[in-house]
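I have placed the structure first, in the form of structure tokens, so that the comments after it can refer back to it.
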Amino acid sequence: MVDKKKPARTCVACGIKKEKKDLLRIVRTLEGNIETDLTGKKNGRGAYICKSEECLNKAIKTKKLQRVFEKDINLELYESIRGVIFGK
2 MVDKKKPART
12 CVACGIKKEK
22 KDLLRIVRTL
32 EGNIETDLTG
42 KKNGRGAYIC
52 KSEECLNKAI
62 KTKKLQRVFE
72 KDINLELYES
82 IRGVIFGK
């Protein structure tokens, strides 16, 4: 039996590679909306971030997600991400 490779992705904030399931996917949909993707299967441009407050704060401070998506990101999205990270 052959072991399947597990997909690895890189956190945009800290740059550490982790398994896809250990990261939170943020996606810019085809309509241009930016939202969290809990399934990991939504169509659009995706970026991954660790499920930690440190990485979220670093992404906010360095405006990493804004650069990745080439679009301004409102505070509501960051609060939505924070809610997903903390399970609220």
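Everything in the sequence shown is counted per the numbering used here, starting at 2 for the first residue and increasing by one.
The C-beta atom is built at its ideal place from N, Cα and C for all residues, glycine as well.
Compare the C-alpha of residue i against each of the options and name the closest.
i	options	result
residue 51	45, 59 and 44	59
residue 1	85, 25, 49 and 56	Nothing can be reported for residue 1: it is not among the residues displayed for the chain, which extend from 2 to 89.
residue 7	19, 66, 14 and 13	19
residue 86	4, 39, 35 and 44	39
residue 67	4, 9 and 33	33
residue 22	62, 42 and 75	42
residue 35	57, 80 and 72	72
residue 84	15, 44 and 57	57
residue 82	63, 26, 16 and 62	26
residue 45	53, 88, 10 and 28	28
Let me know the secondary structure DSSP gives residue i once reduced to three states.
i	result
residue 28	strand
residue 73	coil
residue 18	strand
residue 123	No information on residue 123 is available, as it lies outside the stretch 2 to 89 that the chain covers here.
Give the range of the alpha helix (DSSP H) segment to which residue i is assigned.
i	result
residue 6	Element bounds for residue 6: n/a, residue is neither H nor E.
residue 61	54-63
Could you spell out the range, first to last residue, of the beta strand (DSSP E) harbouring residue i?
i	result
residue 38	35-38
residue 12	Note, residue 12: premise wrong, no beta strand (DSSP E); not H, not E.
residue 47	46-51
Am I right that residue i and residue j are in contact with their C-beta atoms under 8 Å? What's the rounded C-beta distance?
i	j	result
residue 24	residue 12	6 Å
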